[in-house]
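Residues in the sequence shown are numbered from 819 upward in steps of one, following our numbering.
Ideal placement from N, C-alpha and C gives every residue a C-beta, glycine not left out.
Below you'll find the structure, written out as structure tokens, and then a few comments.
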Amino acid sequence: MPFSEGYIAGNTLYVAGQQGPDEHGNVTGTDITLQTTKAIAAVEKVVKQAGFQMTDLVSVTVYVTDLNDVPKMNEVYKKLMPDPKPARATVQVAGLIGGARIEISAIAAKP
């Protein structure tokens with residue numbers, strides 16, 4: 819890939835947009851629940867590889883292609899994102915690479 823999945827600057831980690839592809843790099847099905855689960859798992863992988871924890875997340879941006887997916891996305895998000903929940907913006911976009919329905923970027927910070 820021509821970018822970093824995560825970049826550390828000082829005590830801050832910037833996580834690039836994560837979709838949670840399958841083992842072949844393809845979008846995982848068309849179900850928003852599954853895609854959300856995989857995207858959060860992908861964020862967690864980058865966070866942990868960088869030596870941070872999910873509780874270090876301070877900001878998350880969720881990109882969705884259909885605002886009708888937000889209620890189902892929220893169900894998964896509530897279950898998988900630890901408390902305290904980070905600040906979050908949800909943005910509708912015209913499309914995502916690979917035909918994904920969701921992509922999540924994040925910022926984590928250590929005290």
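In the DSSP assignment, A860 falls outside any beta strand (DSSP E) and within the unbroken alpha helix (DSSP H) covering 850-867. Between V865 and S923, the C-beta spacing is not below 7 angstroms. It is roughly 8 angstroms from the alpha-carbon of E862 to the alpha-carbon of Q871. Comparing C-alpha distances from P889 to each of A926, K903, Q836, T908 shows the shortest one belongs to T908. Less than 7 angstroms divides the Cβ of T846 from the Cβ of D840. Boundaries of the beta strand (DSSP E) harbouring L875: 875-882, taken from the DSSP string. In summary, I915 is exposed, with fewer than 16 beta-carbon neighbours lying within 10 Å of its beta-carbon over all protein chains present.
V894 sits close to T851, with the two beta carbons spaced by under 7 angstroms.
In the DSSP secondary-structure assignment, A907 is bridged to T879.
Under the DSSP assignment, V833 falls in the beta strand (DSSP E) whose first and last residues are 830-836.
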